[in-house]
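Residue numbers (our numbering): 108 to 511. Below: one structure, written as structure tokens.
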Amino acid sequence: GGGAGGVSVAASLQSRKSNLSIAIIDPADIHYYQPGWTMVGGGVFEASQTAKTMGSLIPRGVKWIKSSVAAFEPENNAVILDGCRVVKYDRLVVSPGLKLDWDAVEGLEDTLGRNGVTSNYRYDLAPYTWQLVQEMKEGRAIFTQPPMPIKCAGAPQKAMYLSGDAWFRNGRLKDIDIQFMNAGGVLFGVKDYVPALEGYIAKYDATCNFFHNLVSVDGEAKKATFTVAKPDTDPEMVTVDFDMIHVCPPQSAPDFIRVSPLADAAGWVDVDQATLRHKSFDNVWSLGDVMNAPNAKTAAAARKQAPVVADNIAADIAGRSPVAAYDGYGSCPLTVERGKIVLAEFGYGGVLKPSFPSFLVDGTKPTRAAWFLKEKMLPPIYWQAMLKGKEWMAKPEKIEIAAE
């Protein structure tokens, strides 16, 4: 795949072993900086700032096979492309991202981009989010979050906070009813960050509705229907009127992954969570949103995973066992207001993994420094460092035993 994970690994591998024959398989013409879409929906970035042509980002010397993958035959070291073309490999890196299941919500696709129905999870819709926020004078705004796993678990509430902040600043907040409909049972999965977030829930007078899973949208009638499945109670259906609704769609592994020999029972690529090597096929690695390690699915996670995969493939080529381990690092810069961010950084098990000393950025509190990082620093780090194989603040942990 030619997304954040695939391009980063290709560039990192090339920087380690310049004589390798590397190919990226991806049919897309455009590569998107998806972490920027929240900022587009909040009126901070223009959509065009988050897109570049795929051809401009494929590392020099890496072959681009512009095709879709249909199937995997890991027993034969082969990838089958659409049209039945076969690509053989010595080593395979699987990083196609995940699939947004828009059609899993009845009526949603028919009304996206109109009738007040939007989502920052699509390049063409994030500007519509900001348009709706600017136009809304009064009424009810709903923000939904589906069952996990999803990419950037904080994104559904980021949209809510930036919208609430805009209404707070223009004096309309008192006339707008903000409802956060969350299929899960907690505001955020790592408890250390929850108090700061709850402060903003109170500031924007938002109502949190847990165990509410969106199942259908009627755009014309401005009605959204949820399954409410609270613990120890019978599920019930609830229909709520809206003037604006920001939908985070349900998400799953792509179909060609789910039905492949690489997938676990839930459909995700089955890897060792430290080495990112496939559990059954020694010459297959995976990173990014598609694999089954229990980390947050974010671009920041892919930034840390890419050097681990590159190190371990280089070691494998040299006949050695894996040398690098991924610690589960993921980052979710929660845009709680325009100009301030709660910088959630954590690894496996919810262990905090701050990149900066607390006197500079205390991730459990909203800071201007974290906003500066998100707005001014992270985009160029993504385009100019991560995708170029420059591993700034991404050096992997070494596996001591293998280094002997």
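Don't be surprised by glycine CBs; every beta carbon is placed ideally from N, CA and C.
Between the segment 409-417 and the segment 113-122, the count of Cβ pairs shorter than 8 angstroms is three or higher; the stretches touch.
The segment 160-175 makes no contact with the segment 285-301; the number of CB pairs closer than 8 angstroms stays below 3. When beta bridges are read from the DSSP output, Arg-445 appears opposite no residue. Counting along the chain, Lys-195 sits inside the beta strand (DSSP E) bounded by residues 193-195. Annotated as distal: Ala-328 and Arg-410, with beta-carbon spacing of 7 angstroms or more. Minimum Cα-Cα distance from Pro-361 among the listed residues Val-114, Ser-462, Val-176 and Ser-163 corresponds to Val-176.
Listed in chain order, the beta strand (DSSP E) elements of length 3 or more contained wholly in the segment 351-389 are 351-353. Glu-504 sits close to Asp-434, with the two beta carbons spaced by under 7 angstroms. A straight-line Cα-Cα distance of about 8 angstroms links Gly-220 and Asp-231.
Contact check between the segment 239-246 and the segment 381-393: fewer than three CB pairs, one atom from each, fall below 8 angstroms, which does not count as touching.
Gln-358 is the residue among Gln-358, Ala-408, Gly-148 and Ser-115 whose C-alpha sits nearest the C-alpha of Leu-205.
Straight-line measurement puts the Cα of Thr-225 at about 39 angstroms from the Cα of Ala-432. The beta carbon of Leu-215 is closer than 6 angstroms to those of Trp-209 and Val-324 in its chain, skipping five residues each way along the sequence.
In this structure, the alpha-carbon of Thr-314 lies about 5 angstroms from that of Gln-286. CA-CA distance, Thr-471 to Ala-331, rounds to 33 angstroms.
For the options Pro-338, Asn-399, Val-297 and Phe-463, the alpha carbon positioned closest to that of Arg-365 is the one of Asn-399.
Beta-bridge pairing by DSSP links Gln-252 to Asn-289. Here Lys-337 is near Phe-318, since their CB atoms are less than 7 angstroms apart. Sixteen is the threshold: since fewer than 16 other Cβ atoms of the shown chains lie within 10 Å of the Cβ of Met-255, the residue is exposed.
Contact annotation: Lys-124 and Ala-421 have beta-carbon atoms nearer than 7 angstroms.
When Thr-340, Pro-356 and Gly-326 are compared, the shortest CA-CA separation from Thr-346 is found for Gly-326. Of the candidates Arg-198, Val-322 and Leu-304, Val-322 places its Cα closest to the Cα of Val-354. In this structure, the beta-carbon distance from Gly-113 to Ser-202 falls below 7 angstroms. Three or more Cβ pairs drawn from the segment 444-459 and the segment 264-277 lie within less than 8 angstroms of each other, which places the two stretches in contact.
For Asp-136, the closest C-alpha among the options Asn-419, Val-212, Ala-403 and Gly-162 is that of Gly-162. With a 10 Å radius around the Cβ and a threshold of 16 neighbouring Cβ atoms, Asn-126 comes out exposed.
Bounds of any alpha helix (DSSP H) do not take in Leu-188; it lies within the beta strand (DSSP E) bounded by 185-188. The alpha-carbon separation between Gly-261 and Gln-380 amounts to approximately 22 angstroms.
Judged by their CB atoms, Lys-460 and Tyr-436 are nearer to each other than the 7 angstroms cut-off. Bounds of the alpha helix (DSSP H) holding Tyr-235 are 233-242. If you ignore the 5 residues before and after Asp-282, its C-beta comes within less than 6 angstroms of the C-beta of Glu-245, all in its own chain and listed in chain order. Unbroken alpha helix (DSSP H) stretches of 4 residues or longer found wholly inside the segment 265-311: 301-310, given in chain order. For Val-151, there is no enclosing alpha helix (DSSP H), as DSSP gives it neither H nor E.
Straight-line spacing of the CA atoms in Ser-428 and Lys-386 works out to 14 angstroms. Taking every protein chain shown into account, the CB of Lys-483 has fewer than 16 other CB atoms within 10 angstroms, so this residue is exposed.
Taking 7 angstroms as the cut-off, the beta carbon of Leu-239 is found no closer than this to the beta carbon of Leu-494.
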